[in-house]
Amino acid sequence: MMGSGKTTVGRLLARELGYQFFDTDELVEEVAGCSIAQIFADAGEAQFRQLESQVLEQLCAYQKLLVATGGGIVLSPKNWSYLHHGLVVWLDVSAEQLYRRLQGDSSRPLLQNPDPLATLRSLLASRQGLYAQADLRLVVGEGETPEAIVRRAIAEIPKCLKTTTVDLN
Ligand SMILES: Nc1ncnc2c1ncn2[C@@H]1O[C@H](COP(=O)(O)OP(=O)(O)O)[C@@H](O)[C@H]1O
Ligand SMILES: O=C(O)C1=C[C@@H](OP(=O)(O)O)[C@@H](O)[C@H](O)C1
Ligand SMILES: [Mg+2]
Numbered sequence: 334m335m336g337s338g339k340t341t342v343g344r345l346l347a348r349e350l351g352y353q354f355f356d357t358d359e360l361v362e363e364v365a366g367c368s369i370a371q372i373f374a375d376a377g378e379a380q381f382r383q384l385e386s387q388v389l390e391q392l393c394a395y396q397k398l399l400v401a402t403g404g405g406i407v408l409s410p411k412n413w414s415y416l417h418h419g420l421v422v423w424l425d426v427s428a429e430q431l432y433r434r435l436q437g438d439s440s441r442p443l444l445q446n447p448d449p450l451a452t453l454r455s456l457l458a459s460r461q462g463l464y465a466q467a468d469l470r471l472v473v474g475e476g477e478t479p480e481a482i483v484r485r486a487i488a489e490i491p492k493c494l495k496t497t498t499v500d501l502n
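Numbering (our numbering), first residue to last: 334 to 502.
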């Protein structure tokens, strides 16, 4: 979800893993030559989603990348075919924590309305089933630092890597 820490934790985790880091929102802004807020205002959310999918499609061909996505990437079934090139981690953060983090932040157009907490609750409820398709769910506790989440990710990721057994007989 927006504000769950994908960009912050992702950047740190990439450094720990020795992976290159990309953020789909940053790449969309580079391609469009303006901010996400501006894209939503001028061209609309549908246009943003198209750019987001194109960026993800390009990224999924590479290895040893850590990609922080926007929270809405899960909405398109086509995006899942790209996401499944890698291991998908869900940073599960309550709507109340997200709200505290994002209060006063004007960079997320979907939250620029009189009741952003209600919006976060309803977006989270509607996306919950999609986020649950991730390979790994990390429930982020109140006050848990990005560094602590990185340590937990490093401990948990090997447990959910798919293994192939080859039967030689
Ligand atoms: N574990 C954390 N604890 C407290 N604040 C956090 C944590 N992770 C991220 N933040 C803060 O929350 C805000 C949103 O983080 P960000 O990484 O941009 O989230 P996302 O990319 O998922 O939208 C930023 O101000 C960031 O510093
Ligand atoms: O959840 C969403 O629909 C969105 C999340 C944002 O990214 P973050 O999840 O990094 O905030 C950004 O892509 C856009 O504002 C829409
Ligand atoms: Mg982000």
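Cβ coordinates follow ideal geometry from the N, Cα and C atoms, glycine included.
In this structure, Ile482 places its C-beta atom within 7 Å of the C-beta atom of Val342. In terms of side-chain proximity, the C-beta atom of Ile369 is found nearer than 6 Å to a non-hydrogen atom of ligand 2. Counting along the chain, Gln383 sits inside no beta strand (DSSP E); it lies in the alpha helix (DSSP H) bounded by residues 378 to 392. Contact check for Tyr464 against Trp413 fails: the beta carbons are separated by 7 Å or more. For Arg454, the distance from the CB to the nearest heavy atom of ligand 2 is not below 6 Å.
Going by beta carbons, Ala428 and Leu457 fall inside the 7 Å limit. When DSSP states are grouped into helix, strand and coil, Gln371 belongs to the helix group. Around ligand 3, the residues whose beta-carbon falls short of 7 Å from at least one of its heavy atoms are Lys339, Thr340, Asp356, Asp358, Ala401, Gly403, given in chain order. Contact check between the region 442 to 454 and the region 354 to 363: fewer than three CB pairs, one atom from each, fall below 8 Å, which does not count as touching. Burial is judged here by how many other beta carbons sit within 10 angstroms of a residue's own beta carbon; Leu494 has fewer than 16 and is exposed.
In the DSSP annotation of this structure, the continuous segment of the alpha helix (DSSP H) that includes Leu457 starts and ends at 449 to 464.
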